[in-house]
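Enquirer: Under our numbering, the residue at position 58 of the first sequence is numbered 1107, and the numbers go up by one with no gaps. I'd like to ask some things about the structure below.
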Amino acid sequence: MPELAEVEYFRKRWDSGLGQRVREIALHGEKRIFRGSDPAEIERTLRGATLRSSETHGKQMLFRFSKNAWLGLHLGMTGKLRVEPAGFEPGRHDHLVLFQRKQALVFADARMFGRVRFHHGKSAPAWWAKLPPAVTSPQFTTARLREIFLRRRTAPLKALLLAQDVFPGVGNWMADEILWQARLDPRISAAQLDAKQTREVWRAARMVCRVALKTIGVDWSDPPGDWLMLQRWKKGGRCPRDGKLLQRATIAGRTTAWCPNCQPSHRKTG
DNA sequence: TACTCTGTTGAATA
DNA sequence: TTATTCAACAGAGT
1050 MPELAEVEYF RKRWDSGLGQ RVREIALHGE KRIFRGSDPA EIERTLRGAT LRSSETHGKQ
1110 MLFRFSKNAW LGLHLGMTGK LRVEPAGFEP GRHDHLVLFQ RKQALVFADA RMFGRVRFHH
1170 GKSAPAWWAK LPPAVTSPQF TTARLREIFL RRRTAPLKAL LLAQDVFPGV GNWMADEILW
1230 QARLDPRISA AQLDAKQTRE VWRAARMVCR VALKTIGVDW SDPPGDWLML QRWKKGGRCP
1290 RDGKLLQRAT IAGRTTAWCP NCQPSHRKTG
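Next comes the structure, spelled out in structure tokens:
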């Protein structure tokens, strides 16, 4: 499911475990979800560690524990976090379960496109420290976007919106929403954008991320009713602005929906 | 049966 | 050298 707001929502689900010690761990260490990490080390280090804090950055989550343990989770396409009673029996897709006194913190992922990362040390791991500026941060500037758009001039705009080193946390539906809010065709290349259009992408990206975090990110409630995302996957979905039938195509390898009327492929002439 | 899917990666290609 | 596309990953739902 998850893009940045959903990731934030799932992170908070584990909040009831803050300040509590992990007594026991159950994990499916042979699963692909542990690629690149050492399940035995995770088990050894997290056992007896106390969950201190958590944060998200784009689609990445970081859980900090005592004993200098850092647990990174990525939800991939189907990952979920939830809380179960302490005596819970892990199911087939519950690949990492942290048992605490009163409850169990569960990371489940059916398709296993997600990932578990782990670091044992005083300072933050490289995979966390080197993340790009968040879309909602002051470091996410129009100047930065301009520079990237000039460098990656042939990629369709949709592809750039999906690039996690440019728009961390933006996924398929958010990319379509941003393009619709900015009234830009997903197929145009970044090189075709003038300064004003670049600023529109910047503005729309920040707005969509901010509002999504305040709605979906808090309680899974819907974003404003006039957003494209509420129409997007409906059969015969229509543009919330002008009621025109949405167009669909695969762009940058992902299904894309847009309004052919208010996101025209040609440059505006006046 | 055959197609879809809110994601990322590494190999192939340009 | 650098950017981009594509298949692969794996399961559940339609």
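We treat Cβ as the ideally placed atom computed from N, Cα and C, and that holds for glycine.
Closer than 6 angstroms by C-beta to residue 1088: which residues in its own chain qualify, once you throw out the five before and the five after it? Chain order, please.
Expert: Numbered from 1 along the first sequence, position 39 holds the residue referred to as residue 1088. Only 1076, 1078 meet the Cβ criterion.
Enquirer: Residue ranges of each alpha helix (DSSP H) run of no fewer than 4 residues wholly in the stretch 1167 to 1192, ordered along the chain?
Expert: List check, alpha helix (DSSP H) in window: 1175 to 1178.
Enquirer: Could you work out which residue in 1140, 1172, 1166 is closest to residue 1157 when comparing CA atoms only?
Expert: Position 108 of the first sequence, counting from 1, holds the residue named residue 1157. Checking every option, the nearest Cα to that of residue 1157 belongs to 1140.
Enquirer: Let me check understanding here. Comparing Cα to Cα, which of 1105, 1061, 1144 lies closest to residue 1082?
Expert: Within the first sequence, the letter at position 33 stands for residue 1082. Looking at the Cα atoms, 1144 is the closest of the given residues.
Enquirer: Out of 1264, 1303, 1119, 1116, which has the shortest C-alpha to C-alpha gap to residue 1205?
Expert: As a working mapping, residue 1205 is identified with position 156 in the first sequence. It is 1303 whose Cα lies nearest to the Cα of residue 1205.
Enquirer: Are the stretch 1051 to 1063 and the stretch 1274 to 1282 touching, with three or more C-beta to C-beta distances below 8 angstroms?
Expert: With a cut-off of 8 angstroms, the stretch 1274 to 1282 and the stretch 1051 to 1063 do not count as touching, because too few Cβ pairs lie within range.
Enquirer: In this structure, does DSSP put residue 1161 in helix, strand or coil?
Expert: Position 112 of the first sequence, counting from 1, holds the residue named residue 1161. Note: residue 1161 maps to coil in three-state DSSP.
Enquirer: Would residue 1110 and residue 1056 qualify as a contact pair, given that the criterion is a beta-carbon distance under 8 angstroms?
Expert: Along the first sequence, one-based indexing puts residue 1110 at 61. Along the first sequence, one-based indexing puts residue 1056 at 7. Against a cut-off of 8 angstroms, the Cβ pair of residue 1056 and residue 1110 comes out as a contact.
Enquirer: Note down, in chain order, each residue of its chain lying with its Cβ closer than 8 angstroms to the Cβ of residue 1293, except the 5 sequence neighbours on either side.
Expert: For the purposes of this step, residue 1293 is taken as residue 244 along the first sequence, with counting starting at 1. Excluding sequence neighbours, residue 1293 sits near 1287, 1308, 1309, 1310, 1311.
Enquirer: Please name the residue, chosen from 1128, 1142, 1258, that lies closest to residue 1051 on a Cα-to-Cα basis.
Expert: Taking the first residue of the first sequence as position 1, residue 1051 is located at position 2. Checked all of 1128, 1142, 1258; the closest Cα to residue 1051 is 1128.
Enquirer: Could you tell me the boundaries of the beta strand (DSSP E) in which residue 1143 lies?
Expert: Here residue 1143 refers to the residue found at position 94 of the first sequence. 1143 to 1148 is the span of the beta strand (DSSP E), which, as asked, contains residue 1143.
Enquirer: Using the beta-carbon count (16 or more within 10 Å), is residue 1187 buried or exposed?
Expert: Sequence index remark: in the first sequence, residue 1187 carries index 138 (1-based). So residue 1187 ends up on the exposed side.
Enquirer: Which value, in whole angstroms, describes the spacing of the CA atoms of residue 1071 and residue 1195?
Expert: The sequence position of residue 1071 within the first sequence is 22, counting from 1. The sequence position of residue 1195 within the first sequence is 146, counting from 1. Cα to Cα, residue 1071 sits roughly 46 angstroms from residue 1195.
Enquirer: What residues are listed by DSSP as bridge partners for residue 1054?
Expert: Here residue 1054 corresponds to residue number 5 of the first sequence, with the count starting at 1. BP columns for residue 1054 are empty, so no partner.
Enquirer: Given that a residue counts as buried once 16 or more other Cβ atoms are within 10 Å of its Cβ, and exposed if not, what is residue 1226?
Expert: Taking the first sequence and counting its residues from 1, the one referred to as residue 1226 is at position 177. Residue 1226 comes out buried.
Enquirer: So what does DSSP say about residue 1246, is it helix, strand or coil?
Expert: Walking along the first sequence from the start, residue 1246 turns up at place 197. Three-state result, residue 1246: helix.
Enquirer: Would you call the stretch 1154 to 1172 and the stretch 1189 to 1203 in contact, with 3 or more CB pairs under 8 angstroms?
Expert: No, the stretch 1154 to 1172 is not in contact with the stretch 1189 to 1203.
Enquirer: Is it a yes or a no for the stretch 1087 to 1107 touching the stretch 1210 to 1219, going by three-plus beta-carbon pairs under 8 angstroms?
Expert: A contact exists between the stretch 1087 to 1107 and the stretch 1210 to 1219.
Enquirer: If we count the other Cβ atoms within 10 Å of its Cβ and call it buried at 16 or more, is residue 1175 buried or exposed?
Expert: Against the first sequence, residue 1175 aligns to sequence position 126. Exposed is the call here.
Enquirer: Could you tell me the distance, in whole angstroms, from the CA atom of residue 1254 to the CA atom of residue 1164?
Expert: Taking the first sequence and counting its residues from 1, one reaches residue 1254 at position 205. Taking the first sequence and counting its residues from 1, one reaches residue 1164 at position 115. Cα-Cα distance, rounded: 26 angstroms.
Enquirer: Among 1093, 1119, 1090, 1067, whose alpha-carbon lies nearest the alpha-carbon of residue 1101?
Expert: Along the first sequence, read from residue 1 onward, the residue named residue 1101 stands at position 52. Residue 1101 has its Cα closest to that of 1067, out of 1093, 1119, 1090, 1067.
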